[in-house]
Structure formats: structure tokens, C-alpha cells
Amino acid sequence: MVNSGVEIKRSICTFCAGNCGVLVHIKGQEIVKIEGNPEHAISRGFICERPRYAAKWLNHPDQLKYPLKRAGEKGQNKWQRITWDQAMDEIAAKLGSLKVQYGAETLAVTEGTVRGALFWLRSRFCNLFGNPHNAFHPGVTCALNRYSIGQAIAGWRVCDKAMTPKKASIERTNCLVVWGNSPTESLQRASAWMSERRKDRPLTMIVVDPRITKMAEIADMHLRLRPGTDTALALGWANVIINEDLYDHEFVQNGRSVSTS
Ligand code: SF4
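Position 175 of the sequence shown, counted from 1, bears residue number 175 in the numbering used here, the numbering being contiguous throughout.
The following block contains the structure:
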């Protein structure tokens with residue numbers, strides 16, 4: 001769509017895993033505005049605050065567009081612009097010497113939540129460098145805690161899907177526990193799904209959080225734990241679930257559930 005010199009392209013937001021549909025307004029080479037796409041099958045026009053500021057962030061004068069090399073002491077915030085060739089040569093020389101001195105595994109490679117092609121490029125780079133670390137998972141900034149717990153408990157990233165609220169699971173459940181999480185601020189798509197679902201059918205909501213979050217204000221039950229005591233609550237619930245035989249045996253034994261309702 002082109003309107004008064006502004007071209008509108010359909011895309012998706014990848015700031016979080018919600019992937020809401022967006023309309024990107026482009027004038028010349030510049031993104032001037034991003035808004036929700038009302039025709040998107042899942043998000044239906046919804047977007048949170050993050051993509052609304054994406055154009056400002058992208059066009060900000062402090063946006064990093066070329067290599068900068070520290071020109072003073074660490075913390076002095078002094079930088080000099082260098083060429084891509086110089087940057088590549090210096091990084092390659094440094095990595096090469098680290099590899100000779102300590103071995104390829106001296107390098108730790110991390111990323112957020114597998115967005116874009118960076119993960120695959122980095123995997124290839126690590127593979128060529130001789131470093132197996134990217135084989136684990138790139139999740140760091142917002143997902144490493146989940147993957148690490150999965151690795152520690154089960155040896156694999158069992159929490160990957162289970163810990164990201166999905167529309168289908170919100171629609172199916174009758175009791176939702178929001179634990180140490182504030183989706184009205186941090187995962188607004190999920191929060192919108194929860195509100196939609198509550199309009200249709202009763203949905204008991206239990207919020208576990210020492211803070212009075214927006215979610216806590218609308219919850220049926222707000223458990224204001226003393227910080228650091230979550231494990232006691234989790235073990236207590238597990239104890240009741242096991243002793244009163246309230247769990248899905250098929251799921252626990254074989255990882256799949258007989259009932260999907
Ligand atoms: S909830 Fe917000 S950040 Fe996440 S995909 Fe949708 S618009 Fe983007």
C-alpha cells in the first residue's frame with residue numbers, strides 16, 4: 001500500500017515471541033511509524049508499547065551504525081570510528097591468539113531468544129572456530145534462566161515452550177497461575193489473551209508475587225510471598241498434588257496427556 005509517499009508494509013513484531021502483526025510505514029528509506037495490523041489473524045491490531053517506539057529507536061542519533069574502538073580507559077566513554085576491515089582484522093587476531101593460548105572453548109557465545117538469522121550465523125561461526133558452546137542454546141538475556149533450569153533438571157530445554165504462555169493453553173485452562181511475572185507490563189499479548197478468555201468463561205487466576213501488580217489487582221487470589229520463599233510454596237503444592245493424586249499420570253510417565261480439555 002502506498003499513500004502520500006508513505007509505503008505501508010505488513011510484517012510481524014519480533015521484540016518478543018508474540019509476533020504481533022504490524023503495519024510498517026516507510027517514507028523513502030526511513031521507517032516513520034509502526035502500528036498494529038487489524039487484519040492479522042492472531043493479534044488483530046494489538047501491539048504493546050515496544051514497537052511503537054521502534055522507529056524512534058532505529059533513527060536515534062546514538063544508534064550504532066559502524067565499528068567504534070575504545071579510545072580511552074574503560075568507563076571514559078571515548079571512542080574512535082574505525083573501518084570494518086580494521087575491526088574484522090583486530091577481532092580475528094584477538095580471537096586467534098585466545099584460541100592458541102586457551103583453546104577454542106575459551107569463547108562463550110550468547111544471545112536472546114533466537115530471533116533473526118544471528119543464531120544460525122553464530123552457530124556456523126562457532127562450528128568453524130571449533131567451539132561447541134553455541135550447540136546448547138543461545139538463550140541468555142530473557143531465556144537463559146529458563147533453559148538453564150531445564151538443563152539442570154532434565155538435561156534439555158524442557159521449559160522452552162511450557163514457560164511461554166500460548167493462546168491455546170490459556171484458552172484450555174480453568175486455573176491460571178501467574179508467578180513472579182507481570183504480563184500486563186512484560187508480555188502484553190498474553191495479558192490480552194487472559195482478559196479475552198475471562199470474558200468468555202470463568203478463569204480462576206492466582207497471582208504469586210510480593211508486589212501488587214496490575215495482574216494481582218484483578219486476580220481471584222493474590223499470594224504475597226515473602227521474597228525468597230517461592231520454593232516452599234512450590235514444594236507445598238507439589239506435595240498436595242502428589243498425595244491427593246491430582247496429577248496426570250500419563251503426562252508424567254510418558255510426556256503426553258490423554259486429556260486435552
Ligand atoms: S506483545 Fe509487544 S513486543 Fe511482543 S510481539 Fe506483540 S507488539 Fe511485539
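Built from N, CA and C at the ideal position, the CB exists for glycine as well.
For residue i, three-class secondary structure by DSSP
i      : result
Ser4   : coil
Val252 : helix
Val109 : coil
Gly236 : helix
Cys175 : strand
Gly130 : coil
Glu35  : strand
Glu90  : helix
Glu49  : helix
Gly228 : coil
Asn243 : helix
Lys65  : coil
Gly96  : helix
Leu187 : coil
Ser182 : coil
In DSSP terms, what residue i is bridged to
i      : result
Arg70  : Trp79
Met194 : Per DSSP, none; premise fails for Met194.
Ser11  : Val22
Glu30  : Lys27
Ile206 : Val177, Met221
Own chain partners of residue i with C-beta closer than 7 Å, once the 5 adjacent residues on each side are dropped
i      : result
Leu225 : Val208, Pro210, Leu233
Phe15  : Arg50, Pro51
Same chain only: Cβ atoms within 6 Å of residue i, ignoring 5 sequence neighbours per side
i      : result
Asp160 : Below a pLDDT of 50, predicted positions are generally treated as unreliable, and Asp160, at 49, falls in that range; no measurement from the model is reported.
Val252 : none
Val178 : Val207, Met215
Ala219 : Met205, Val207
Glu35  : Leu23
Gln80  : Lys69, Ala71
Lys94  : none
Beta-carbon contacts of residue i that lie in its chain and below 8 Å, excluding the five residues immediately before and after
i      : result
Ser261 : Note that Ser261 has pLDDT 39, beneath the 50 cutoff, so the model's placement of it is unreliable and no number is given.
Pro38  : Arg44, Gly45
Arg189 : Cys16, Gly18, Cys20, Ser43, Phe46, Cys48
Check your reading: residues with Cβ closer than 6 Å to ligand 1 heavy atoms:
Cys13, Phe15, Cys16, Gly18, Asn19, Cys20, Ile47, Cys48, Arg50, Pro51, Gln188, Arg189
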